[in-house]
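For reference, the structure is listed below as structure tokens.
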Amino acid sequence: MSNQAVLASQWMATTAQRVDKAIETSFQNWDVSAQQLKEAMHYAAIGGGKRIRPLLVYATAALSGKQLDDVPGLDHCAVAIELFHTYSLVHDDLPCMDNDDLRRGRPTVHKAYDEATALLVGDALQSMAFGLLANSALTEAQKVGMISSLATSGGLAGMAGGQAIDLENVGKPLSKEALENMHRLKTGALLRTAVKMGGIAIDLNPEQLKSLDQYASALGLAFQVVDDILDATSDSQTLGKTAGKDAAANKPTFVSLMNLDGAREFARKLHLEAIESLAVWGDNAYLLKAIADKVLYRQS
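Quick note, my numbering runs 5 ahead of the 1-based positions in the sequence shown.
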């Protein structure tokens with residue numbers, strides 16, 4: 006392993022701990038009467054996970070060469086994107102959606118509590134994410150840009166739209182193009198927003214943001230392809246969620262469409278596309294490259 010790879014691995018471990026600490030801080034000083042809801046929100050938010058989205062926020066901001074503490078509002082950005090992602094997982098696990106009992110190696114929120122609480126947890130985490138951005142040390146222009154991007158990536162033209170397409174096509178054959186489109190919305194949109202938020206935090210110009218979006222777009226689709234591969238090949242204990250549920254639900258996946266070898270080759274192609282798109286940034290992008298490697302070679 007190269008020295009740069011070692012540094013990147015250490016950075017990711019340290020920065021993931023930074024995210025966890027910032028999430029804990031975000032739940033402090035909430036004097037509310039709905040204590041069970043707060044407890045359930047906290048249960049969902051601190052339940053582990055890969056923290057890929059906040060890592061992308063930090064890694065993109067690191068392109069500036071600044072220390073993370075010197076980028077105003079950055080921790081709020083990282084926590085906001087992770088809480089928004091967590092909200093989507095809580096709702097995705099509900100019986101009316103994917104009906105899953107396991108998430109991040111623990112009972113899903115509706116199993117640990119109940120369905121109504123899980124619904125409210127998702128709603129409240131989404132609101133909390135926007136509140137963190139609105140009340141951060143970001144400039145007003147940065148706040149507007151990030152809130153707009155997060156709202157778009159979570160809505161009809163992003164995650165919610167992709168999920169709707171997914172539900173509409175259970176048991177139906179999808180072309181590769183249609184499957185890609187679905188997952189660029191369902192999974193990719195929020196990953197792209199994570200990179201954009203990091204770029205906005207360091208005041209990158211539109212051309213630079215567009216360049217980074219090529220990386221994020223390829224990475225987002227690669228993430229889903231690897232997810233499909235792991236769902237077909239791994240076990241529930243390793244994944245931290247129910248393995249084989251896509252096949253059991255007769256959902257279209259990259260594995261069912263392309264077979265395992267084809268899906269693995271497609272993931273490698275997307276990974277290479279993501280890495281090559283970073284060439285303009287030189288060695289400054291080594292953290293973003295390391296995250297792309299993490300996505301391709303992950304086991305859960």
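Virtual Cβ for every residue (Gly too), placed ideally from N, Cα, C.
Taking the straight line between their C-alpha atoms, what separation do you get for residue i and residue j?
{"i": "T122", "j": "L42", "result": "7 Å"}
{"i": "H81", "j": "A27", "result": "8 Å"}
{"i": "D236", "j": "G249", "result": "5 Å"}
{"i": "A10", "j": "Y302", "result": "14 Å"}
{"i": "E5", "j": "K215", "result": "The requested residue 5 does not occur in the structure, where the chain is confined to residues 6 to 305."}
{"i": "V76", "j": "I207", "result": "7 Å"}
{"i": "T157", "j": "A297", "result": "24 Å"}
{"i": "M133", "j": "G127", "result": "10 Å"}
{"i": "G110", "j": "E270", "result": "29 Å"}
{"i": "A272", "j": "G78", "result": "33 Å"}
{"i": "L326", "j": "P257", "result": "As shown, the chain starts at 6 and ends at 305. That puts residue 326 outside it, with no answer to give."}
{"i": "S95", "j": "H115", "result": "Note that residue 95 corresponds to Val in the displayed sequence, not to Ser. Distance between the alpha carbons of V95 and H115 is about 8 Å."}
{"i": "L155", "j": "V200", "result": "11 Å"}
{"i": "P178", "j": "L283", "result": "35 Å"}
{"i": "T19", "j": "G176", "result": "42 Å"}
Run through the DSSP bridge pairs and tell me what residue i is partnered with.
{"i": "P112", "result": "L107"}
In terms of residue numbering, what span does the alpha helix (DSSP H) encompassing residue i cover?
{"i": "R197", "result": "A194 to A206"}
{"i": "P211", "result": "P211 to T238"}
{"i": "M102", "result": "That residue, M102, is in no alpha helix (DSSP H); it is neither H nor E in DSSP."}
{"i": "Q131", "result": "E120 to A139"}
{"i": "Q72", "result": "Segment: none, Q72 is in no alpha helix (DSSP H) and carries neither H nor E."}
{"i": "N8", "result": "N8 to S31"}
{"i": "R269", "result": "F259 to E281"}
{"i": "L244", "result": "S241 to L244"}
{"i": "P59", "result": "I57 to A66"}
{"i": "A165", "result": "M164 to E173"}
{"i": "D288", "result": "First-last for D288: undefined, no H or E at that position."}
{"i": "S38", "result": "Counting along the chain, S38 falls outside any alpha helix (DSSP H), and DSSP gives it neither H nor E."}
Throw me the rounded Cβ distance for the residue i and residue j pair, which I believe falls under 8 Å.
{"i": "G225", "j": "R189", "result": "7 Å"}
{"i": "Y63", "j": "A83", "result": "6 Å"}
{"i": "M164", "j": "K191", "result": "6 Å"}
{"i": "A268", "j": "F259", "result": "4 Å"}
{"i": "R58", "j": "E87", "result": "6 Å"}
Nearest by alpha-carbon distance to residue i: which of the options is it?
{"i": "L60", "options": "Y302, S305, Q304 and K294", "result": "K294"}
{"i": "F89", "options": "V260, I152 and R269", "result": "I152"}
{"i": "E29", "options": "A13, I51, A290 and E44", "result": "I51"}
{"i": "S69", "options": "G176, Y291 and S241", "result": "Y291"}
{"i": "L161", "options": "P112, L195 and L143", "result": "L195"}
{"i": "L143", "options": "A85, T113 and H115", "result": "A85"}
{"i": "T113", "options": "L73, T243 and T247", "result": "T247"}
{"i": "Q229", "options": "M202, A199 and H276", "result": "H276"}
{"i": "M202", "options": "V149, T238, M187 and A227", "result": "V149"}
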